[in-house]
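*Asks:* Numbering (the UniProt record's numbering), first residue to last: 1 to 550.
Can you keep this structure in mind? I'll have questions shortly.
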């Protein structure tokens with residue numbers, strides 16, 4: 001049956017009279033009018049009561065009382081949209097569970113209320129012996145476009161400490177939910193059938209099964225408003241191949257359909273029209289179905305990209321383009337990245353590929369248009385995230401987000417949000433500091449990363465909701481996605497267990513990996529592309545075997 005989580009009992013369980021501030025906002029046209037939203041709805045209860053080990057939350061409870069006191073009695077009931085439609089739909093069918101985000105006019109933008117509703121259901125299912133598989137999806141042309149930062153910023157720029165804490169509490173609840181999903185033992189399948197950005201990626205990128213379709217559009221646009229890629233992106237992005245994560249985190253480049261799959265944001269590619277049949281197939285699986293069995297079922301519906309379909313462009317971050325990305329974005333500082341891009345633009349690097357000059361110019365200008373502080377903060381966080389566990393990344397992000405909400409320390413979050421999303425200006429914002437050279441990395445380290453935040457920074461406790469899965473430094477179900485470049489390298493150099501001492505040819509390697517991944521759609525294309533950049537074939541006298549280049 002389908003449960004409307006907005007019933008009166010659920011309303012009383014989650015909220016009393018609250019303040020709903022929700023506004024649909026659109027990104028700068030340079031991001032092709034994509035929507036980046038973070039809606040804020042102050043909760044009278046967070047997801048903390050669902051935890052086995054509760055933290056001291058008395059300060060925010062007092063804030064809740066204050067907000068309830070000043071809110072008017074005509075506020076919308078929790079769980080319902082402005083059109084009186086339930087914000088989240090929960091479905092239970094034997095051992096099958098699904099959550100559907102139902103805010104299509106706002107592109108299923110998350111507000112605090114929705115986070116609480118999702119948390120309540122998904123924690124309950126994880127702790128139930130009956131729930132064996134969970135599907136997350138959205139109604140309309142988005143899975144989830146993120147959240148409305150305008151409301152968060154209106155609190156962050158206030159001189160009232162309680163309001164500043166409320167701004168940070170949005171990130172606290174969001175990160176608690178995302179970190180819980182990341183460590184669920186119950187298999188989770190996400191349908192990324194549309195726009196999926198920011199907070200929407202937080203719900204999906206840490207799950208074992210992420211389904212891209214021809215409608216998929218993913219991006220992390222935080223640097224456009226003086227923020228940083230969060231919701232666990234400091235763990236996810238550094239674990240993409242090469243320097244893809246750094247490039248995507250700094251530039252907010254959009255990836256569509258097949259490209260999102262090839263880049264690693266999705267684990268599978270399934271045509272949108274096949275999703276209802278796939279959902280029916282998953283709901284019919286045995287209660288004892290393992291992750292492997294679920295993977296097999298999804299693969300039954302996978303399909304190759306349709307050439308020439310304008311709504312599903314091919315993956316372009318390959319070949320010399322990808323080599324340039326790894327070369328430039330592997331640098332230690334943003335200034336060095338910009339310098340390498342300028343060298344390509346002037347023809348001093350990759351001069352044999354003049355087509356890269358336009359890309360380098362556009363990429364350089366994109367970075368220089370962003371908040372200098374945000375860009376440097378992003379690079380520092382991504383480099384640090386490479387070394388951390390997923391729990392440690394969320395803790396780091398809570399520290400960073402709290403500092404971004406402190407207007408006394410970091411003004412660019414407010415400046416960027418108001419410039420781009422409120423005033424809707426297409427010019428460069430008046431960032432403070434204005435240039436990369438003015439941003440001292442040592443000061444950033446002290447303000448954002450040290451164990452002693454500034455007195456005005458409200459770093460709220462991030463207590464993780466317990467699951468049976470421990471924190472990890474690499475995704476436990478990465479084998480369900482396309483093989484990484486590191487996996488391909490291990491096969492070439494013979495470091496894979498059981499590979500023996502014999503070198504392999506290109507054809508042999510493709511066959512080996514295809515068999516290992518059970519002829520998974522996209523594996524052949526991925527392996528061929530990686531080998532074309534990073535391996536060479538020796539001559540006939542040496543048997544045309546492969547040798548890893550770098």
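Where a beta carbon is used, it is the ideal one built from N, C-alpha and C, also for glycine.
Keep in mind that this is a model prediction, so the values were computed, not measured.
(1) So what's residue 383 in DSSP terms, helix, strand or just coil?
(2) Whether or not the region 400–416 and the region 332–348 are in contact is what I'm after, with contact meaning three or more pairs of Cβ atoms, one per stretch, closer than 8 Å; do they touch?
(3) Closest by CA to residue 119, which one among 275, 100, 246 and 385?
(4) Compute the beta-carbon to beta-carbon distance between residue 390 and residue 249, rounded to the nearest angstrom, for a pair I have assumed lies under 8 Å.
(5) Run through DSSP, which three-state label would residue 291 get?
(6) Excluding sequence positions up to five away, which residues of its chain have a Cβ less than 7 Å from the Cβ of residue 481?
(7) Do you know how far the Cα of residue 550 is from the Cα of residue 457?
(8) For a minimum of 4 consecutive residues, which ranges assigned as the alpha helix (DSSP H) are wholly contained in the region 142–183?
(9) Quick check on residue 534: buried or exposed, where buried means 16 or more other Cβ atoms within 10 Å of its Cβ?
(10) Tell me the DSSP secondary structure of residue 281 in three-state form.
(11) Taking Cβ to Cβ, would you say residue 117 is nearer than 9 Å to residue 152?
(12) On the DSSP bridge assignment, give the partners of residue 93 in chain order.
(13) Using beta-carbon positions only, say whether residue 135 and residue 96 come within less than 9 Å of one another.
(14) Here's the rule: buried if 16 or more other CB atoms are within 10 angstroms of the residue's CB, otherwise exposed. What is residue 295?
(15) Can you give me the start and stop residues for the beta strand (DSSP E) that residue 553 sits inside?
(16) Applying the criterion that 16 or more other CB atoms from any shown protein chain within 10 Å of the CB defines a buried residue, is residue 455 buried or exposed?
(17) What residue from 131, 245, 211 and 121 has the CA that sits closest to residue 194's CA?
(18) Taking residue 237 and residue 218 to be in contact with their CB atoms under 8 Å, please state how far apart those CB atoms are, rounded to whole angstroms.
(19) What's the gap between the Cα of residue 316 and the Cα of residue 259?
(20) Tell me the DSSP secondary structure of residue 190 in three-state form.
(21) Return the first residue and the last residue of the alpha helix (DSSP H) that residue 489 is part of.
(22) Give me the DSSP bridge partner(s) of residue 212.
(23) Which residues bound the beta strand (DSSP E) around residue 198?
(24) Just the C-alpha distance for residue 503 and residue 213, rounded to the nearest angstrom, thanks.
*Replies:* Let me spell this out:
(1) helix
(2) With the cut-off at 8 Å, the region 332–348 and the region 400–416 do not touch.
(3) 100
(4) Not confirmed; about 17 Å, so no contact.
(5) helix
(6) 264 and 267
(7) Rounded to the nearest angstrom, the gap between the Cα atoms of residue 457 and residue 550 is 44 Å.
(8) 149–156 and 161–182
(9) That one is buried.
(10) helix
(11) Taking 9 Å as the Cβ cut-off, residue 117 and residue 152 do not qualify as a contacting pair.
(12) 96
(13) yes
(14) buried
(15) Nothing can be reported for residue 553, as the shown portion of the chain is limited to 1 through 550.
(16) exposed
(17) 211
(18) The Cβ separation is near 12 Å, so there is no contact.
(19) 8 Å
(20) strand
(21) Per DSSP, residue 489 belongs to the alpha helix (DSSP H) from 485–493.
(22) 192 and 269
(23) It is not in any beta strand (DSSP E) - residue 198 carries neither H nor E in the DSSP assignment.
(24) 37 Å
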